[in-house]
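> Going by the UniProt record's numbering, the letters in the sequence shown line up with residues 1 to 518, in that order. Even for Gly, the Cβ is constructed at its ideal location relative to N, Cα and C. Below is the structure I would like to discuss, written out as structure tokens.
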Amino acid sequence: MNCGRVPQCRLRAGATVNKFIRHPWSVISPRYYSVVRGRSPFIAIIGSGPAGFYTAQRLMRKLSGTQIDMYEGLAAPFGLSRYGVAPDHPEVKECEKSFEDVAKDPNFKFYGNLSVGSRGVVGGFHGCAVRLSSLLRNYDGIVFAYGSSKDRILGVPGEDMKGVYSAREFVAWYNSHPSFSEIDFPQLREAEEATIIGQGNVALDVARMLLTPVDELRKTDMADYALEALSRSRIRRVHLVGRRGAMQAAFTRKELRELQELYPKAYLQSQHFPADLLPPKVTDRVKKRMLQTFHALREMSPSADPEAKSWSLDFLLSPTSFYGSGSVEGTAFAVNQLSDPFADNAKAIATDESVKIPSQLVFRSIGYKAVPLDGFAELNIGFDTRKGCILNDGMGRVGSTETLDEKPVAIPGLYCVGWAKNGPIGKIVNTFQDANDTAENIIADWKSGSRFLSDSQAEPPQGMSKVQEDIDTNLSDIVSWEDWVRVDTQERLEGQALGKPRVKMVAHKELSQEAKVP
Ligand code: FAD
Numbered sequence: 001m002n003c004g005r006v007p008q009c010r011l012r013a014g015a016t017v018n019k020f021i022r023h024p025w026s027v028i029s030p031r032y033y034s035v036v037r038g039r040s041p042f043i044a045i046i047g048s049g050p051a052g053f054y055t056a057q058r059l060m061r062k063l064s065g066t067q068i069d070m071y072e073g074l075a076a077p078f079g080l081s082r083y084g085v086a087p088d089h090p091e092v093k094e095c096e097k098s099f100e101d102v103a104k105d106p107n108f109k110f111y112g113n114l115s116v117g118s119r120g121v122v123g124g125f126h127g128c129a130v131r132l133s134s135l136l137r138n139y140d141g142i143v144f145a146y147g148s149s150k151d152r153i154l155g156v157p158g159e160d161m162k163g164v165y166s167a168r169e170f171v172a173w174y175n176s177h178p179s180f181s182e183i184d185f186p187q188l189r190e191a192e193e194a195t196i197i198g199q200g201n202v203a204l205d206v207a208r209m210l211l212t213p214v215d216e217l218r219k220t221d222m223a224d225y226a227l228e229a230l231s232r233s234r235i236r237r238v239h240l241v242g243r244r245g246a247m248q249a250a251f252t253r254k255e256l257r258e259l260q261e262l263y264p265k266a267y268l269q270s271q272h273f274p275a276d277l278l279p280p281k282v283t284d285r286v287k288k289r290m291l292q293t294f295h296a297l298r299e300m301s302p303s304a305d306p307e308a309k310s311w312s313l314d315f316l317l318s319p320t321s322f323y324g325s326g327s328v329e330g331t332a333f334a335v336n337q338l339s340d341p342f343a344d345n346a347k348a349i350a351t352d353e354s355v356k357i358p359s360q361l362v363f364r365s366i367g368y369k370a371v372p373l374d375g376f377a378e379l380n381i382g383f384d385t386r387k388g389c390i391l392n393d394g395m396g397r398v399g400s401t402e403t404l405d406e407k408p409v410a411i412p413g414l415y416c417v418g419w420a421k422n423g424p425i426g427k428i429v430n431t432f433q434d435a436n437d438t439a440e441n442i443i444a445d446w447k448s449g450s451r452f453l454s455d456s457q458a459e460p461p462q463g464m465s466k467v468q469e470d471i472d473t474n475l476s477d478i479v480s481w482e483d484w485v486r487v488d489t490q491e492r493l494e495g496q497a498l499g500k501p502r503v504k505m506v507a508h509k510e511l512s513q514e515a516k517v518p
């Protein structure tokens, strides 16, 4: 059995991979291992978002006979494709079609509503959970693809006031995430201005949801309760605030243009826009086009439509506190300056100046964050708390908390991918590439005879058929792929009748009942 601590190792000179030290087991002759194995691997993937599915797809395609058991804490698959991507971006969710093809492979099994680690860590119903150590005993390898399910905080006074939310909560709420569906945003009914702190694509998604006419959103799969709340929203003005300048903003041009296209229903109020945005020479094509968009935005005049809402991009402001009595009434910012307004890595330097932006609704949109799973400490699995991701060699091999010559030691058979590997960066296309890279490394390790989890066991691993002996909740609460297909079919049928892609089931009870009623 190989579920304990990573053994101390003595390393042969030069046996390193990148900045990582490979376990000495991995230097045993490849021939020896290929003879002993003579079979394909059995891999557990934790998380059913794009990273998990793309990894499964590549492994099964390139290493014939590979078996995959996919564990997902929620009753529904697809991670942020279902619960993060904005409802008015249905084309992004097209990736789900190829995930459905992956799931049709007889070597693939899905176990939904079953968290690895502690119960209900991502909000599954009845809190079904399995310990990580159980998986270690029953697979050749484990791929951590569990994303980044927490959010970063600013750490400034007043952040926990009523009216200050994370963008993550709002996004999960309008996307029918079962753990967030009951949040009330009373400020939508009361406030006229909203401030979003952060200038990435998620911040722009939130702004778009607040500014888009609700009748447009009714054609999407946005939750009914969110449509209802947004139809009563009094928000007329959205401030998108960034600590650096226009050329350092993290959003992409496509997403910025979507806000532009809301005109005349929502227009840019450009008074906070830097006046000197035209540098003498910009040669970078992406930057040049971004500048053109900024200019087009500046030239837009306020809409004559009395119903029109407005938004602004407010640059060079760092939040210093939230103020108000009981509930937030506004945010105080330090005004920054940049050493070079056009350098990507320009640092924001606070000046003595400060400004206040009054608003009773504030969203913090400064990024998501992964956390270690329960069991990581006991198994010495390394976690980079600064970057918010699993310690890895950049190629998906998980590193131990133990070091040799000050370098982390790779743990045989453990891999990570996607946002759990890199932190919360990148679109689905980047996650696809990353998953292919990790899968290729798993394949290379398997073929070269590197050590995997099962190598000290007499019998090949048996996956879920053994893991289930360690699950102490009702096994019938686990959602299989067939169960999910029932839910999916029902959601699409309801959507079809209303001219939407689907009507998502929300509550745990709803999902579990639909899944389990044949
Ligand atoms: P995730 O998608 O987060 O998947 C992780 C999965 O693991 C989840 O299903 C989670 O429930 C599960 N899980 C977590 N913990 C456990 C556990 N302990 N046990 C079992 N399962 C667990 N990209 C685009 O290309 N276009 C867009 O328009 C776009 N919009 C976005 C909007 C938002 C708000 C966000 C946050 C991201 C957006 N992205 C977009 C980026 C895209 O969603 C990510 O690149 C991608 O989802 C990352 O995939 P992942 O599998 O690593 O993580």
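Do you know how far the Cα of alanine 346 is from the Cα of aspartate 340?
Taking the sequence shown and counting its residues from 1, one reaches residue 340 at position 340. Taking the sequence shown and counting its residues from 1, one reaches residue 346 at position 346. Cα to Cα, the separation comes out at about 6 Å.
> Consider the C-beta atom of aspartate 455 and the heavy atoms of the ligand FAD; say whether any pair is separated by less than 8 Å.
Along the sequence shown, read from residue 1 onward, the residue named residue 455 stands at position 455. No, since every heavy atom of the ligand FAD falls outside the 8 Å radius drawn around the Cβ of aspartate 455.
> Go ahead and label proline 50 buried or exposed: buried means 16 or more other beta carbons lie within 10 angstroms of its beta carbon, across all protein chains shown.
Numbered from 1 along the sequence shown, position 50 holds the residue referred to as residue 50. Counting Cβ neighbours within 10 Å, proline 50 comes out buried, since at least 16 surround it.
> Among Ala334, Ala332 and Pro319, whose alpha-carbon lies nearest the alpha-carbon of serine 365?
Position 365 of the sequence shown, counting from 1, holds the residue named residue 365. Of the listed residues, the one whose Cα sits closest to serine 365 is Pro319.
> Tell me where the alpha helix (DSSP H) around glutamine 187 begins and ends.
Here residue 187 refers to the residue found at position 187 when the sequence shown is read from its first residue. Segment 187 to 190, the alpha helix (DSSP H) holding glutamine 187.
> Excluding the 5 residues flanking lysine 387 on each side, which residues of the same chain have their C-beta closer than 7 Å to its C-beta?
Start at 1 with the first residue of the sequence shown, and residue 387 comes out as number 387. Gly423.
> Comparing alpha-carbon positions, which option in Gly47, Leu59 and Phe53 lies nearest isoleucine 442?
Within the sequence shown, numbered from 1, the residue matching residue 442 stands at position 442. It is Leu59.
> The ligand FAD heavy atoms versus the CB of threonine 351: any closer than 8 Å?
Translated into the one-based positions of the sequence shown, residue 351 becomes position 351. Not under cutoff, so the answer is no.
> Just to confirm, is the Cβ distance from glycine 141 to leucine 391 under 9 Å?
The residue given as residue 141 occupies position 141 in the sequence shown. The residue given as residue 391 occupies position 391 in the sequence shown. Going by C-beta atoms, glycine 141 is not nearer than 9 Å to leucine 391.
> Would you list the one or two residues that DSSP bridges to phenylalanine 383?
The residue labelled residue 383 in the question sits at position 383 within the sequence shown. BP columns for phenylalanine 383 point to Ile390.
> Is isoleucine 366 helix, strand or coil by DSSP?
Walking along the sequence shown from the start, residue 366 turns up at place 366. Here isoleucine 366 sits in coil by DSSP.
> Rounding to the nearest angstrom, what Cα-Cα distance links glycine 367 and serine 115 in this structure?
Position 367 of the sequence shown, counted from the first residue, corresponds to residue 367. Position 115 of the sequence shown, counted from the first residue, corresponds to residue 115. Their Cα atoms are separated by approximately 23 Å.
> Arginine 257: buried (16+ other C-beta within 10 angstroms of its C-beta) or exposed?
Looking up residue 257 in the sequence shown gives position 257. Looking at its Cβ environment, which holds fewer than 16 other Cβ atoms inside 10 Å, arginine 257 is exposed.
> How about the region 369 to 385 and the region 198 to 208: do they share at least three Cβ pairs that are nearer than 8 Å?
Flag = no, the region 369 to 385 and the region 198 to 208 do not touch.
> Quick check on the burial criterion: 16 or more other C-beta atoms within 10 angstroms. Buried or exposed for valine 35?
Position 35 of the sequence shown, counted from the first residue, corresponds to residue 35. Bear in mind that a pLDDT of 36 at valine 35, under 50, signals an unreliable position, so the number given afterwards is only what the model happens to contain. Label assigned to valine 35: exposed.
> Report the rounded CA-to-CA distance for serine 29 versus isoleucine 43, giving the unit in angstroms.
As a first step, residue 29 must be located in the sequence shown, where it is residue number 29. As a first step, residue 43 must be located in the sequence shown, where it is residue number 43. Any reading at serine 29 must be qualified, since the residue scores a pLDDT of 38, below 50, and its modelled position is unreliable; no value is offered.
> Have a look at Glu440, Asn138 and Leu475 and flag the residue whose alpha-carbon is nearest the alpha-carbon of residue 527.
The structure shown does not extend to residue 527, since the chain spans only 1 to 518, so no value can be given for it.
> Which class does glutamate 193 belong to by DSSP, given the choice of helix, strand or coil?
As a first step, residue 193 is located in the sequence shown; it is residue number 193 there, counting from the start. Note: glutamate 193 maps to strand in three-state DSSP.
> Only counting runs of 4 or more residues, tell me where the alpha helix (DSSP H) segments fall wholly within the region 41 to 76, in order along the chain.
List check, alpha helix (DSSP H) in window: 50 to 62.
> Check whether the Cβ of arginine 168 sits closer than 8 Å to any heavy atom of the ligand FAD, and report yes or no.
One-based indexing of the sequence shown puts residue 168 at position 168. Under cutoff, so the answer is yes.
> Using 8 Å as the Cβ pair cut-off and three pairs as the minimum, do the region 183 to 202 and the region 348 to 356 touch?
Cβ pair count under 8 Å is below three, so no.
> Would you mind stating whether tyrosine 165 and leucine 230 have Cβ atoms separated by less than 9 Å?
Here residue 165 refers to the residue found at position 165 of the sequence shown. Here residue 230 refers to the residue found at position 230 of the sequence shown. Contact: no.
> Do you know how far the Cα of leucine 136 is from the Cα of residue 525?
No answer is possible for residue 525: the residues shown for the chain start at 1 and end at 518.
> Give the secondary structure of glutamate 353 by DSSP, where H, G and I count as helix, E and B as strand, and everything else as coil.
The sequence position of residue 353 within the sequence shown is 353, counting from 1. Strand, per DSSP.
> Alpha carbon to alpha carbon, what distance is there between threonine 293 and valine 286?
Working through the sequence shown from its first residue, we reach residue 286 at position 286. Working through the sequence shown from its first residue, we reach residue 293 at position 293. Valine 286 and threonine 293: Cα-Cα distance of roughly 11 Å.
> For alanine 246, does the count of other Cβ atoms within 10 angstroms reach 16, so buried, or fall short, so exposed?
Within the sequence shown, residue 246 is the residue found at index 246, counting from 1. Its Cβ being crowded by 16 or more others within 10 Å, alanine 246 is buried.
> Kindly indicate which three-state DSSP category proline 358 falls into: helix, strand or coil?
Residue numbering aside, residue 358 sits at position 358 when the sequence shown is read from its first letter. Proline 358 falls in the strand class under three-state DSSP.
> Tell me which same chain residues have a C-beta within less than 7 Å of the C-beta of glycine 375, skipping the five on either side of it?
Start at 1 with the first residue of the sequence shown, and residue 375 comes out as number 375. Closer than 7 Å at the Cβ level, and outside the excluded window around glycine 375, lie Gly117, Arg131, Leu132 and Ser133.
> Quick check: what's the CA-CA separation for leucine 11 versus aspartate 445?
Sequence index remark: in the sequence shown, residue 11 carries index 11 (1-based). Sequence index remark: in the sequence shown, residue 445 carries index 445 (1-based). Residue confidence for leucine 11 is low, a pLDDT of 31 falling below 50, so the modelled location carries little weight; the figure read from the coordinates is stated next. Cα to Cα, the separation comes out at about 18 Å.
> In or out: threonine 403 buried (at least 16 other Cβ within 10 Å) or exposed?
Locating residue 403 in the sequence shown gives position 403, counting from the first residue. With fewer than 16 Cβ atoms within 10 Å of its Cβ, threonine 403 is classed as exposed.
> Among Tyr139, Ala75 and Phe108, which residue has its Cα nearest to the Cα of alanine 458?
Locating residue 458 in the sequence shown gives position 458, where the first residue counts as 1. Measuring from the Cα of alanine 458, the nearest candidate turns out to be Tyr139.
> Going along the chain, which residues of its own chain have a beta-carbon closer than 6 Å to the beta-carbon of histidine 177, five neighbours each way excluded?
Walking along the sequence shown from the start, residue 177 turns up at place 177. Excluding sequence neighbours, histidine 177 sits near Tyr83.
> With respect to 8 Å, is the separation between the Cβ of tyrosine 139 and the closest non-hydrogen atom of the ligand FAD below this value?
For the purposes of this step, residue 139 is taken as residue 139 along the sequence shown, with counting starting at 1. Outside the cutoff, so no.
> Given the structure, does glycine 147 come close to the ligand FAD, in the sense that its CB is under 8 Å from one of the ligand's heavy atoms?
Here the question's residue 147 lines up with position 147 in the sequence shown. Checking the Cβ of glycine 147 against the ligand FAD gives yes.
> Would you kindly work out how many angstroms separate the C-alpha atoms of serine 312 and valine 398, rounded to a whole number?
Residue numbering aside, residue 312 sits at position 312 when the sequence shown is read from its first letter. Residue numbering aside, residue 398 sits at position 398 when the sequence shown is read from its first letter. If you take the alpha carbons of serine 312 and valine 398, they lie about 42 Å apart.
> Check whether the Cβ atoms of valine 238 and isoleucine 197 lie closer than 9 Å to each other.
Sequence index remark: in the sequence shown, residue 238 carries index 238 (1-based). Sequence index remark: in the sequence shown, residue 197 carries index 197 (1-based). Against a cut-off of 9 Å, the Cβ pair of isoleucine 197 and valine 238 comes out as no contact.
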